[in-house]
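Asker: There's a structure below that I have some questions on.
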Amino acid sequence: MENQNEGSDSLLSKKDAALFSWPWENLGNYKYLLYGPFLAKVIYSMYWKENIEDDIWCLHILILCALRGLVHQLWCTYSNMLCLVRTRRVSQEGIGFEQIDNEWHWDNFLILQAIVGSFVYLNFPSLANLPLWDVRGFISCLILHIGISEPLYYWMHRLLHSPHLFPLYHWQHHESKITHPFTAGHATFLEHLLLCVIVGIPTLGTAFIGYGSISVMYSYILAFDFLRCLGHSNVEIFPHSFYQHVPLLRYIIYCPTYHSLHHQDMKTNFCLFMPLYDLLGNTLNTASWNLQKEISSRTNERAPEFVFLVHIVDIMASMHTPFLFRSFSSVPFSTRLFLLPLWPFAFLIVLSMWLKSKVLLISSYNIRGKLNQSWVVPRAGFQYFLPFAAEGINNLIEEAILRADKLGIKVISLAALNKNEALNGGGTLFVDKHPNLKVRVVHGNTLTAAVILNEIPRDVHEVFLTGATSKLGRAIALYLARRRVRVLMLTQSTERFMKIRREAPADCQKFLVQVPKYQGAKQCKTWILGKWATPREQSWAPSGTHFYQFVVPPVIPFRRDCTYGKLAAMRLPKDVTGLGSCEYTMGRGVVHACHAGGLLHLLEGWTHHEVGAIDVDQIDVVWEAALKHGFKPLYNSR
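Pasting the structure below:
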């Protein structure tokens, strides 16, 4: 058993073991074409043959695969909805990108069992003519499962943990330290061939003794997947009274806590679904029920030290969440074709969230032992620009701040539109209304300004700035003026322009120039966009212009003869753990600069609120502090 703990490098070198890899591994996502023959046969039978009954088994296989995938997806959604399950998670650690990548092709076993099922039907065509229902079949199936499949799985599982087979095969499944419904399908080709036998004994056995039915096939296979997902869900769903009042149940059906202990102590808890066989085999972990009681009785979660209060950008982006499509949320957001059919459902959910009006926890990760969470205000981007919605949005943000204050959270950082100047003055509304807040309210724009300014090359002597009188626009203009860079500030308000100009040192004021129209920048090749720019407005930029931007959502790159920067962002320090989702269009491990600014506020232990106008004198201070803590700029021209 000691070989189970050998390093991952030596384990990875054993991927060449016989039947380790999947035959279609090189196909990547094109593996789904393997369902093509089944679909083609169904279509052919429907339109060109008089009787579809001969090929009905193909349709059953396709429906079963779809339903099984749905079972796993629904369990994935449930286990990742932290707003519902945060207090009952067995392991509080988040799942990182490495585990998500390892489990990317978790559904390989569905293809395998579809192929195996086709061979069975081709060799035993009578199975295609099973009746719809037979009560005796359910009883027979249950007996075969308890009497044969359960003990057979138990001994096969123990065999896979032997010093010879574990380093060759089963180590891959145990690479997943935090269990997840998709972890249930993450195993080698050989292991799933053996699992085909486990599943086949009750289903085919019942059919061969004459009690088989379509309902038995569907019910057993879907129940099998359901219970596998339950055990790997990392969420304790059973109350302790479930086992306490009827002690026999603890040996009849396992729980997520029970199975998670197997991933921590691999010498115990080998059963499929029934701990009875661990009891008989003397491999029962004695801590199972006490731990189950502790987790199922938990009422409070560990309070985070930092919260990033985000919002929905648009309906499409609302589907880029870990509790919907885990693999999709682990890569930068982009509009995909498979999202289009789901748009109406997502829209209805956004509307229902609007009616419910409750801030939700959506993700969490750790940095240097500090727990950080993202909460979402259930409002889409367009709703922030509806005058009648402003009060309701501010009430939600205020509620989140007060909740954070009550929980003892140290810093809450406001994302993009949640700190809109017209909405709440960049957070000043809440700080002024609640002067005794212990939680620090942070807009993070000081670091955002620092990131943008450090992207601009030192040899640039003139820039064109839109959104020039906003918080960020003002700070960028004043900082560049101190650097002797001529700033063309797009604004039609002479009063606001002069107010900002008077803030600059007397010898730097001449570098701030008011420009009322885009035409005034037709000779400038460095544009900083703080407000949306239409194709016509972008057309005034000369060829070769680079567009920096701090507008949400980012502008669409219409000009092929120009280059476009992304929103200000920073790469998180290397010691971040449990991060498994990308922040909007950002890459893995990259967050918006305002998010990083809030984290920096926490790591530095600063005790002031960062709301309202940006202190230009603090831009370099914040930048140096970020670099000191291991935050990395994506682009740095200095």
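Our numbering applies: residue 179 is where the sequence shown begins, and numbers increase by one.
Every residue, glycine too, gets a C-beta built ideally from N, C-alpha and C.
Using only the alpha-carbon positions, how far apart do Gly325 and Glu281 sit?
Answerer: If I take the Cα positions, the gap works out to 31 Å.
Asker: In whole angstroms, what is the alpha-carbon distance linking Ile571 and Phe563?
Answerer: Cα-Cα distance, rounded: 11 Å.
Asker: Cutting at 6 Å between CB atoms, please list the residues of its own chain near Ile545, excluding the five before and the five after it.
Answerer: For Ile545, where only same-chain residues beyond five positions count, the Cβ hits under 6 Å are Val754.
Asker: Could you check where the alpha helix (DSSP H) with Ala292 kicks off and where it finishes?
Answerer: That run of the alpha helix (DSSP H) goes Asn286 to Asn301.
Asker: Rank Gly722, Gln697, Ile706 and Val641 by C-alpha distance to the C-alpha of Leu690 and give the top, closest one.
Answerer: The option with the nearest alpha carbon to Leu690 is Val641.
Asker: Please state whether DSSP places Met259 in a helix, a strand or coil.
Answerer: Here Met259 sits in coil by DSSP.
Asker: Mind checking which residues open and close the beta strand (DSSP E) that includes Asn550?
Answerer: Run containing Asn550: Lys548 to Val555, per the beta strand (DSSP E) assignment.
Asker: Rounding to the nearest angstrom, what Cα-Cα distance links Val663 and Gln670 in this structure?
Answerer: If you take the alpha carbons of Val663 and Gln670, they lie about 21 Å apart.
Asker: In the DSSP assignment, what residue or residues form a beta bridge with Trp705?
Answerer: Paired residue(s): Phe642 and Phe725.
Asker: Identify whether Asn463 lies in helix, strand or coil by the three-state DSSP scheme.
Answerer: Correct three-state label for Asn463: coil.
Asker: For the beta strand (DSSP E) holding Met444, just list the boundary residues, first then last.
Answerer: No beta strand (DSSP E) holds Met444; DSSP gives it neither H nor E.
Asker: Can you give, in chain order, each stretch of the alpha helix (DSSP H) that sits fully within the region 527–598 and has at least 4 residues?
Answerer: Complete alpha helix (DSSP H) runs here, min 4: 568–585.
Asker: Measuring alpha carbon to alpha carbon, tell me which of Ser397, His410 and Pro453 ends up nearest Tyr421.
Answerer: The residue with the shortest Cα to Cα distance from Tyr421 is Pro453.
Asker: For Leu745, count neighbouring C-beta atoms within 10 Å of its own C-beta (all shown protein chains included) and say buried if the count is 16 or more, exposed if not.
Answerer: Buried.
Asker: Excluding the 5 residues preceding and the 5 following Gly622 in the sequence, name in chain order all residues of the same chain whose CB lies nearer than 6 Å to its CB.
Answerer: Answer for Gly622: Ser591, Cys772, Gly775 and Gly776, listed in chain order.
Asker: From the DSSP output, which residues share a beta bridge with Pro811?
Answerer: Beta-bridge pairing links Pro811 to Met748.
Asker: Only counting the same chain, and skipping five residues up and downstream in sequence, which positions put a Cβ closer than 7 Å to that of Ile407?
Answerer: It is worth fixing the name first, because residue 407 is Cys in this sequence and not Ile. Contacts found: Val249, His250, Trp253, Pro359 and Ala362.
Asker: What does DSSP give as the partner residues of His489 in its beta bridges?
Answerer: In the DSSP output, where bridge partners are listed per residue, His489 has Val555.
Asker: Within the same chain, show all residues whose beta-carbon is closer than 6 Å to that of His787, passing over the 5 residues directly before and after it, in chain order.
Answerer: Excluding residues within five positions, the ones whose Cβ falls inside 6 Å are Val609, Arg618 and Val619.
Asker: Does the beta-carbon distance from Leu877 to Met497 come in below 8 Å?
Answerer: The question about residue 877 has no answer, for the chain in this structure spans 179 to 816.
Asker: Leaving out the 5 sequence neighbours to the left and right, which residues in its chain are closer than 8 Å to Cys702 when beta-carbon positions are compared?
Answerer: Once the five neighbours on either side are set aside, the close Cβ partners of Cys702 are Glu640, Val641, Phe642, Leu666, Ala719, Pro720 and Thr723.
Asker: CB-CB under 6 Å to Tyr331, same chain, minus the five flanking residues each way: which ones, in chain order?
Answerer: Excluding sequence neighbours, Tyr331 sits near Ile376 and Leu450.
Asker: Quick check on the DSSP output: the alpha helix (DSSP H) that includes Arg680 runs from which residue to which?
Answerer: Taken as a continuous stretch (DSSP letters only), the alpha helix (DSSP H) holding Arg680 covers Thr672 to Glu681.
Asker: Let's see if you can read the secondary structure: which residues bound the alpha helix (DSSP H) around His335?
Answerer: Per DSSP, His335 belongs to the alpha helix (DSSP H) from Glu328 to Leu338.
Asker: Output needed for Ile654: all residues of its chain with C-beta closer than 7 Å, excluding positions within five of it in sequence on either side, in chain order.
Answerer: Excluding sequence neighbours, Ile654 sits near Ala627, Ile630, Leu631, Leu643 and Ile706.
Asker: Between the alpha carbons of Gly586 and Ile579, how many angstroms are there, rounded?
Answerer: Rounded to whole angstroms, Gly586 to Ile579 spans 11 Å at the Cα level.
Asker: Between the alpha carbons of Arg557 and Asp492, how many angstroms are there, rounded?
Answerer: Those two C-alpha atoms are separated by around 9 Å.
Asker: Considering only residues of the same chain and omitting the five flanking positions on each side of Tyr543, which have a CB-CB separation below 7 Å?
Answerer: Correct list, in chain order: Gly272, Asn550, Val754, Thr755, Gly756 and Leu757.
Asker: At which residues does the beta strand (DSSP E) containing Gln697 begin and terminate?
Answerer: Premise fails: Gln697 is in no beta strand (DSSP E) and is neither H nor E.
Asker: Span of the beta strand (DSSP E) holding Met667?
Answerer: Segment Arg664 to Leu668, the beta strand (DSSP E) holding Met667.
Asker: In the DSSP assignment, find the alpha helix (DSSP H) that holds Val799 and state where it starts and stops.
Answerer: Val799 -> alpha helix (DSSP H) spans Ile797 to Lys806.
Asker: Tell me whether the beta-carbon of Ser438 lies closer than 8 Å to the beta-carbon of Asn412.
Answerer: Cβ atoms of Ser438 and Asn412: closer than 8 Å.
Asker: Below 8 Å between beta carbons: does that hold for Val789 and Leu625?
Answerer: No; because the gap between Cβ atoms is not below 8 Å, this pair is not in contact.
Asker: Cutting at 6 Å between CB atoms, please list the residues of its own chain near Asp187, excluding the five before and the five after it.
Answerer: In this prediction, Asp187 scores a pLDDT of 46, lower than 50, which makes its location untrustworthy; the coordinate-derived value is nonetheless stated afterwards. Contacts found: none.
Asker: Are the beta-carbon atoms of Gly743 and Glu633 separated by less than 8 Å?
Answerer: Closer than 8 Å, so yes.
Asker: Between which residues of its own chain and Asn183 is the CB-CB distance below 8 Å, once the five residues before and five after are set aside?
Answerer: Legend: pLDDT at Asn183 = 47, less than 50; position of this residue unreliable, value from coordinates given subsequently. Hits under 8 Å: none found.
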